[in-house]
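The structure appears below as structure tokens.
Number of protein chains: 4
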Amino acid sequence: MPVLGSVRERFSRERPFRDMRIGCCLHVTAETAVLIGALLAGGAEVFLAASNPLSTNDAVARHLSDLGVATYARHGEGPTDLLANVDAVLDSRPALTVDDGCDLLARLHVDRRDRLECVLGGTEDTTTGALRLRGLVAAGALEYPVLAVSNSTVRLLADNRHGAAQSTIAAILRTTNTLVAGSTVVVAGYGNCGKAIADIARGIGATVLVTEVQPLQALAAILDGHRVVSMDEAAPKGDIFITATGNRDVLSERHFKAMRDGAVLANAGQFDLEIDLEGLESAGARPRRVRPMVDEYAIRVPGADKRLLLLAEGRVVNLAAGEGNPPDVMDLAFAVQALSCEWLARQAPELGAGVYDVPGEIDTAVARLKLGALGVSLDRLTAEQSAYLESWGR
Amino acid sequence: MPVLGSVRERFSRERPFRDMRIGCCLHVTAETAVLIGALLAGGAEVFLAASNPLSTNDAVARHLSDLGVATYARHGEGPTDLLANVDAVLDSRPALTVDDGCDLLARLHVDRRDRLECVLGGTEDTTTGALRLRGLVAAGALEYPVLAVSNSTVRLLADNRHGAAQSTIAAILRTTNTLVAGSTVVVAGYGNCGKAIADIARGIGATVLVTEVQPLQALAAILDGHRVVSMDEAAPKGDIFITATGNRDVLSERHFKAMRDGAVLANAGQFDLEIDLEGLESAGARPRRVRPMVDEYAIRVPGADKRLLLLAEGRVVNLAAGEGNPPDVMDLAFAVQALSCEWLARQAPELGAGVYDVPGEIDTAVARLKLGALGVSLDRLTAEQSAYLESWGR
Amino acid sequence: MPVLGSVRERFSRERPFRDMRIGCCLHVTAETAVLIGALLAGGAEVFLAASNPLSTNDAVARHLSDLGVATYARHGEGPTDLLANVDAVLDSRPALTVDDGCDLLARLHVDRRDRLECVLGGTEDTTTGALRLRGLVAAGALEYPVLAVSNSTVRLLADNRHGAAQSTIAAILRTTNTLVAGSTVVVAGYGNCGKAIADIARGIGATVLVTEVQPLQALAAILDGHRVVSMDEAAPKGDIFITATGNRDVLSERHFKAMRDGAVLANAGQFDLEIDLEGLESAGARPRRVRPMVDEYAIRVPGADKRLLLLAEGRVVNLAAGEGNPPDVMDLAFAVQALSCEWLARQAPELGAGVYDVPGEIDTAVARLKLGALGVSLDRLTAEQSAYLESWGR
Amino acid sequence: MPVLGSVRERFSRERPFRDMRIGCCLHVTAETAVLIGALLAGGAEVFLAASNPLSTNDAVARHLSDLGVATYARHGEGPTDLLANVDAVLDSRPALTVDDGCDLLARLHVDRRDRLECVLGGTEDTTTGALRLRGLVAAGALEYPVLAVSNSTVRLLADNRHGAAQSTIAAILRTTNTLVAGSTVVVAGYGNCGKAIADIARGIGATVLVTEVQPLQALAAILDGHRVVSMDEAAPKGDIFITATGNRDVLSERHFKAMRDGAVLANAGQFDLEIDLEGLESAGARPRRVRPMVDEYAIRVPGADKRLLLLAEGRVVNLAAGEGNPPDVMDLAFAVQALSCEWLARQAPELGAGVYDVPGEIDTAVARLKLGALGVSLDRLTAEQSAYLESWGR
């Protein structure tokens, strides 16, 4: 993780978190350990609770304890323990909170309001957590400034290319071993994620059909060289269906009945609502597991019985049937986290409560570090060029 | 122009401009005539001055006069006539102004302030005009609301794919007849325009090198599969150089001296500053025209003399050496214009002076009409899906 | 397997193998069972020995025995058993031999020449087996006609797209979880396999460098838009190296020492000679397994120590770290096998001993069945068009 | 023309044509002058007749005369002159003939058999000429060996990428200024030419439909990610139709009536038979020229009248409405010519009469020179690697 590594190196010189306590609720993994190492190098005292007992790596937890991090995490522990862990972190009176799903902040705002006064600010790593935050804001209940790091420009660039596209396609190849070249891939939703999936699918030889509900996205898909059709038109043509809409029931009973024998169903969206599982069961028999992460549904249609293959039970396929984000992507994501903490340590006192975007200077700094790690040279503006650019708009 | 055609049809039923005068300063071309036809169908009384005497088509001007449009335009007329034409339009006391380069509005704000009071609002078709407007805003001088239609979403989609990419590449093929497959194309600047050019160049078999000054754009180029280098690294490697930065002197004397014999230089940016022509002349002999729109510069470098081929004298190559936007793109652009006028006719009284983006509903409406013309079906949200989407963020 | 299914259906009507014995030495898998089902449907009496004890599926073997196929195969059996199995098949006096690696035919020509007289002809499924056959021909020792099905046009089309490209890339994604977008992929060898890998790698966002020893292939790579460099130039630039040359030591000690920290080494060629494993060990410490199928080699270079990641111990990565060919590809491959057997049953008596290409009519027939299964319509030549084509060359 | 330049340089040292007469019948253009310069440098005495009076550049003819080439060519001359020119060349008693369309050789075999005895061999530059030659061979009438240079590997590589693909698309862009992104391009025929066109069209944002009569080509198109349909299915869907089949009436009256308003028709094949012009006229009114090289046909279909746009009167669009091959491609093509002449000067005495493919060593040599001109490095086989490759097949 070279980008986070160079952040850490600077932190160890500049000590931006000297005498500051940071309370984290994160997946306790090897990558998280590198993030926490950077915070420690910056002078912080760090307290860590596990955000998910299944992802906790006990060896990592021990390693962090050895480094002096108060670590409250054990693989497989139950909800009572989890809550106690969060409380233990809050007991430390952190000045910054670092959340992955908003559990720390929510507990603080509801049950541990006694600990609110010492908090300067926080970060939230996930889109889902950011939605919870916006709910708090709408209710007038958020008490301090929070940076929503998941929609920083660097995160969107890296996550969409990998999380949305490469890892989704990789998970489909891994689970089904199907030949994509010559197949028809139906992509539901042409947001950033759907667009990247469509591009990759075409790049390995598929014909792509896009479905959309928004005219502008549909037009973008067409100008990108894809065909846009309704799902009713796509259903009998597709070999592989990938949902990336953020909405529910994008594939429903009517579509299942119209599909080809052997069609593959995968969801790239965060929640397992995009493929209507009830509709699938009502259209067919109970599923039969035919390969790891592949369930076959026998759909009964008079004269046209067929089998459909549902991947990962309709859950987000790149995480449920793949490996999640690669170290390259985590390196960028956690570098944004680390710099966001540094920025908050300095700026939070001047900010009101609210959800904030990551400042552009942080994205630019992370991109610059990544380019440095890759050995890429940028051009520099001359004085004349800078002056010319500034003269615009006058 | 099916999209504008269906706008016109609705206008003729709904008559949104009944009893309204619209003053236009536009290129007097066949496409403009279709736009004006739509305004007339909507009940407007239209007055038209030519924005550029060289683009004026006298047959079109006569045709519009026959339709009852007060048309002040003659091919090749001089600056005095042009100004008189603009004044004649302003004398008509238009309620809306439709500008292509801001000449009408500028005259109104400087010399014809007597006509300001009757104006509700206006539109501006070009990016350059929008810059002049923002200058007026900065000076506190703009007196009414103006929609900057050039950066509407539909315009950006259509113009970048065609204007920036296809037409730039087409102009290079047309002028040089060079084999792109196997060549190295250097794209300076990875904004929307540069990105589209890079994609097309790769799509026809080139290796692409991108130069950038901004780390985030550079990272985007890399994740899109291009190599990013400094122009000093690119200069000795490129076969075709395309500038798309909006800045000056992107290619300068130092680069010319390092280039290969036979390298092609083209500018896709709006102004002829991106390639440093003085540096080109100082590095070499006076140019020799070797084909239409192609000038050969003999660059003297001890032991490595070379000839460089400058296209279109460094002016924007797709317009100067090509045909500009195709009817498909004009159809979308002028549909945005027509709907912007309709929106202003209704909304302008409630807006303060200022430059406004085109409302998203207009872009959506134009996209929807285009999809209808293409026979493309969208999916529709069910009630449950709409409710689900709305439940987010609570 | 719809293509083989429709071959089987026709066989059951036409019975091309009535009263004929077919001796097979094949992987005893589910796909093979479908092939044998087609031969049975065609009236053949089938005898089957396992070509590899590790791939034998005992359930499939039992199933085939139940269908009346004399099946000599047990998972994990030793070399003595294997030989006995082959002999048992030969004892049946087959008229056709169906080989996967040439073991049946070799045994027949060396030790069981007593059984040669009843054999009409045979097929060989692998490229390696075809090489052994050509050795026999060169020695004047081959006694009957054999169709080399592995280089039929259909096989090349399907295998290269999947076996060489998609499955190689899928295996790399699966084992390393690396981000391909933005990376530099070095492809050694630009034959059919290397070309397909290069195209896919670019299709998911990589920059590709190709190395070659043949000028024509190098020129083809360049015209396809890739850069061609020597491996010495590529070594310090690549993130992922994929060998597809059919030659040995394509990556050697000199290259390992020049590579970047973290570079990934994968071999797409049939044998584990393309990456010089001895050179790898001599350049570094003994490997450490860091993930399944991934060994990390610590390379000692003064001032530039680095870790390289070798996939699948240098063996063919798509098979060793992936799942091999998907059913779609096996369907085409075994349909070619079945039609080759039918053709031999009819034509072999008129052929001399030798290795023959699969007749074009078989490839065409399989392609036509596949298109039928996909519901694809071809145009048909009119009488005038056929006459026009025939008039050429007169 | 760096490749031909380095051939010339070697010729001037080695003088392979010392005391040899070469009779040429070629387009008298600047590129031809470079080829002839190479032959002269090699010691030949050259005689040149124009193969087409319209392509003759009189300045080039004078220049060649000044160099000592007996040049019989005048722009615009009539058929009698042309024949006299050919006879004048034959009167020189050439040892080698260099043909572009087979006129020299045909005259020699029919009317000037008196000059046959001194001819060692010849080359033919075009595919059409090669077809005439094969007709002579079939009739048992060809009297000396001829190399058909048009289907050399280098020619196929360079011509298909440029001639078939880039220049066809460039000619369509130039004549119609249509937006390809988002359009549906129908490619009839998926040979080398059609495949390259389909790839380029997709590369600039089109959806591609392929029509075919051959199952194997259809399957290849599908595996490359294109959709294959019948022309009846494609006709109502396409925006741009490009024929590349080598057959007649690929687009006929039935298709014209089913097409969309505004559809563009272009032929990439050599002869103007692929689009049925009679069917076009019978379906519609007489054409109206709406732009240079674009004729609009008004097709009358009850309730669905439409206008179709025929490019270049159905003639091969990249030549008729474009610029033909670029210097890069001619450089490769004429380098093959020059080396073919050299090879014949040495080998012809040992060859029987017949049509021969260009020896692989010539293609390899030209590719190697081109790579040298590009500064591309190949790897070299080590002794161990060569030995390993040779050990195969034993």
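Chains as they are written, first to last, in my numbering: chain A, 454 to 847; chain B, 454 to 847; chain C, 454 to 847; chain D, 454 to 847.
In this text, a Cβ means the ideal position worked out from N, Cα and C, and glycines have one as well.
- request: Compute the distance between the beta-carbons of isoleucine 444 of chain B and valine 717 of chain B, then report whether it is under 7 Å.
  value: With chain B represented from 454 up to 847, any question about residue 444 of chain B goes unanswered, as that position is not in the structure.
message: Suppose you measure from the CA of serine 830 of chain B to the CA of arginine 753 of chain A; what does that come to, to the nearest Å?
response: Position 377 of the second sequence, counting from 1, holds the residue named residue 830 of chain B. Position 300 of the first sequence, counting from 1, holds the residue named residue 753 of chain A. Approximately 28 Å between the Cα atoms of the pair.
query: Is it buried or exposed for glycine 593 of chain A, if we count other Cβ within 10 angstroms and need 16 for buried?
result: Along the first sequence, read from residue 1 onward, the residue named residue 593 of chain A stands at position 140. Looking at its Cβ environment, which holds fewer than 16 other Cβ atoms inside 10 Å, glycine 593 of chain A is exposed.
- request: Could you tell me which uninterrupted beta strand (DSSP E) segments, each at least 3 residues in length, are contained entirely in the region 678-760 of chain C, listed from first to last along the chain?
  value: 693-696, 717-720, 741-744, 747-752
message: Which same chain residues end up closer than 7 Å to valine 590 of chain B when comparing Cβ atoms and leaving out the 5 residues on each side of it in sequence?
response: Your numbering for residue 590 of chain B matches position 137 in the second sequence. These residues qualify, in order along the chain: Gly807, Val808.
- prompt: Under the three-state reduction of DSSP, which class applies to isoleucine 622 of chain D: helix, strand or coil?
  reply: For the purposes of this step, residue 622 of chain D is taken as residue 169 along the fourth sequence, with counting starting at 1. Three-state DSSP puts isoleucine 622 of chain D in a helix.
- prompt: Comparing the CB of alanine 512 of chain C with every heavy atom of the ligand SAH, is any distance shorter than 6 Å?
  reply: As presented, the structure is devoid of all ligands, the ligand SAH included, so that no description of it is given.
field: Residue-level contact to chain D via CB, isoleucine 675 of chain A, 7 Å cutoff
entry: Position 222 of the first sequence, counting from 1, holds the residue named residue 675 of chain A. Output row for isoleucine 675 of chain A: interface = yes.
query: So, are the CB atoms of valine 639 of chain B and alanine 687 of chain B less than 7 Å apart?
result: To locate residue 639 of chain B, count along the second sequence from 1; it is residue 186. To locate residue 687 of chain B, count along the second sequence from 1; it is residue 234. A Cβ-Cβ contact shorter than 7 Å links valine 639 of chain B with alanine 687 of chain B.
field: At least three beta-carbon pairs within less than 8 Å, the region 778-794 of chain C to the region 552-570 of chain C
entry: No contact exists between the region 778-794 of chain C and the region 552-570 of chain C.
Inter-residue Cα distance where the pair is glycine 656 of chain A and proline 469 of chain B: One-based indexing of the first sequence puts residue 656 of chain A at position 203. One-based indexing of the second sequence puts residue 469 of chain B at position 16. Cα-Cα distance, rounded: 47 Å.
message: Going by DSSP in three states, leucine 609 of chain A sits in which element: helix, strand or coil?
response: Position 156 of the first sequence, counted from the first residue, corresponds to residue 609 of chain A. Helix at leucine 609 of chain A.
- prompt: the region 608-633 of chain C: which residues have C-beta closer than 7 Å to a C-beta of chain A, in chain order?
  reply: Arg614, His615, Gln619, Ala623, Leu626, Arg627, Asn630, Thr631, Leu632, Val633
query: Given tyrosine 643 of chain D, which residues of its chain have a CB within under 6 Å of its CB, disregarding the five upstream and five downstream residues?
result: In the fourth sequence, the residue the question calls residue 643 of chain D occupies position 190. Same-chain partners within the cutoff: Val663, Glu665, Gln670, Ala674.
query: Measuring CA to CA, which of A:Ser459, A:Ser705, A:Leu772 is closest to aspartate 612 of chain A?
result: The sequence position of residue 612 of chain A within the first sequence is 159, counting from 1. Out of A:Ser459, A:Ser705, A:Leu772, A:Leu772 has the C-alpha closest to the C-alpha of aspartate 612 of chain A.
field: Cβ pair count under 8 Å reaching 3, the region 483-500 of chain C against the region 816-831 of chain C
entry: no
task: Using a Cβ cut-off of 8 Å, pull out every chain A residue sitting near methionine 684 of chain B, in sequence order please.
output: To locate residue 684 of chain B, count along the second sequence from 1; it is residue 231. The answer, in chain order, is Asp832.
field: Top-ranked residue by Cα proximity to arginine 560 of chain A, from A:Val539, A:Ile653, A:Gly647, A:Arg833
entry: Translated into the one-based positions of the first sequence, residue 560 of chain A becomes position 107. Measuring from the Cα of arginine 560 of chain A, the nearest candidate turns out to be A:Val539.
- request: Could you give the DSSP three-state label for threonine 550 of chain C: helix, strand or coil?
  value: If you number the third sequence from 1, residue 550 of chain C lands on position 97. If DSSP states are grouped into helix, strand and coil, threonine 550 of chain C belongs with the strands.
- request: Can you grab the Cα-Cα spacing for the pair glutamate 577 of chain C / proline 598 of chain C, in whole Å?
  value: Taking the third sequence and counting its residues from 1, one reaches residue 577 of chain C at position 124. Taking the third sequence and counting its residues from 1, one reaches residue 598 of chain C at position 145. Rounded to the nearest angstrom, the two C-alpha atoms are 11 Å apart.
message: Between C:Val770, C:Leu824, C:Ala634, which has its C-alpha nearest serine 620 of chain A's C-alpha?
response: Stepping through the first sequence from its first residue, residue 620 of chain A is reached at position 167. Closest option to serine 620 of chain A, Cα to Cα, is C:Ala634.
message: Can you give me the C-alpha to C-alpha distance between leucine 762 of chain B and proline 455 of chain D, rounded to a whole angstrom?
response: Translated into positions along the second sequence, residue 762 of chain B becomes position 309. Translated into positions along the fourth sequence, residue 455 of chain D becomes position 2. Their Cα atoms are separated by approximately 17 Å.
Chain B contact for aspartate 816 of chain A (CB, 7 Å cutoff): Start at 1 with the first residue of the first sequence, and residue 816 of chain A comes out as number 363. Yes, aspartate 816 of chain A counts as interfacial toward chain B.
field: CB contact check: arginine 680 of chain A to chain D, cutoff 7 Å
entry: Residue numbering aside, residue 680 of chain A sits at position 227 when the first sequence is read from its first letter. At least one chain D Cβ lies under 7 Å of arginine 680 of chain A.
- request: Could you have a look at arginine 847 of chain A and say whether DSSP puts it in helix, strand or coil?
  value: Here residue 847 of chain A corresponds to residue number 394 of the first sequence, with the count starting at 1. Because the pLDDT of arginine 847 of chain A is 38, which lies under 50, any placement of that residue in the model is unreliable, and the number read from its coordinates should be weighed accordingly. Reduced to three states, the DSSP call for arginine 847 of chain A is coil.
message: In whole angstroms, give me the CA-to-CA distance for alanine 651 of chain D and valine 661 of chain D.
response: Reading the fourth sequence from its first residue, position 198 is the one you call residue 651 of chain D. Reading the fourth sequence from its first residue, position 208 is the one you call residue 661 of chain D. The alpha-carbon atoms of alanine 651 of chain D and valine 661 of chain D are separated by roughly 6 Å.
task: Could you name the residues of the same chain whose beta carbon sits closer than 6 Å to that of arginine 742 of chain A, not counting the 5 residues immediately before and after it, in chain order?
output: By 1-based counting over the first sequence, the position of residue 742 of chain A is 289. Around arginine 742 of chain A: Asp748.
field: Cross-strand partners of isoleucine 475 of chain B (DSSP beta bridge)
entry: Start at 1 with the first residue of the second sequence, and residue 475 of chain B comes out as number 22. DSSP, once it has assigned bridges, lists B:Val499, B:Leu549 as partnering isoleucine 475 of chain B.
- prompt: Three-state secondary structure (DSSP) at valine 572 of chain B?
  reply: Within the second sequence, numbered from 1, the residue matching residue 572 of chain B stands at position 119. For valine 572 of chain B, the secondary structure class from DSSP, reduced to helix, strand or coil, is coil.
task: State the DSSP-derived secondary structure class of valine 513 of chain C, mapped to helix, strand or coil.
output: Indexing the third sequence from 1 puts residue 513 of chain C at position 60. Helix at valine 513 of chain C.
query: If you draw a straight line from the C-alpha of histidine 615 of chain A to the C-alpha of leucine 632 of chain C, how long is it?
result: Position 162 of the first sequence, counted from the first residue, corresponds to residue 615 of chain A. Position 179 of the third sequence, counted from the first residue, corresponds to residue 632 of chain C. So the alpha carbons of these two residues sit roughly 6 Å apart.
query: Bridge partners of alanine 494 of chain B, per DSSP?
result: On the second sequence, position 41 is the one that residue 494 of chain B refers to. Its beta-bridge partners do not exist; DSSP assigns none.
query: Leaving out the 5 sequence neighbours to the left and right, which residues in its chain are closer than 7 Å to leucine 730 of chain B when beta-carbon positions are compared?
result: Taking the first residue of the second sequence as 1, we reach residue 730 of chain B at position 277. Closer than 7 Å at the Cβ level, and outside the excluded window around leucine 730 of chain B, lie Gly767.
- prompt: Which partner residues does alanine 641 of chain B have in the DSSP bridge list?
  reply: Along the second sequence, one-based indexing puts residue 641 of chain B at 188. Partner(s): B:Thr664, B:Thr696.
Meets three-Cβ-pair contact criterion under 8 Å: the region 461-481 of chain D and the region 830-845 of chain C: With a cut-off of 8 Å, the region 830-845 of chain C and the region 461-481 of chain D do not count as touching, because too few Cβ pairs lie within range.
query: Three-state secondary structure (DSSP) at glutamate 577 of chain A?
result: As a position in the first sequence, residue 577 of chain A is number 124, starting the count at 1. Here glutamate 577 of chain A sits in strand by DSSP.
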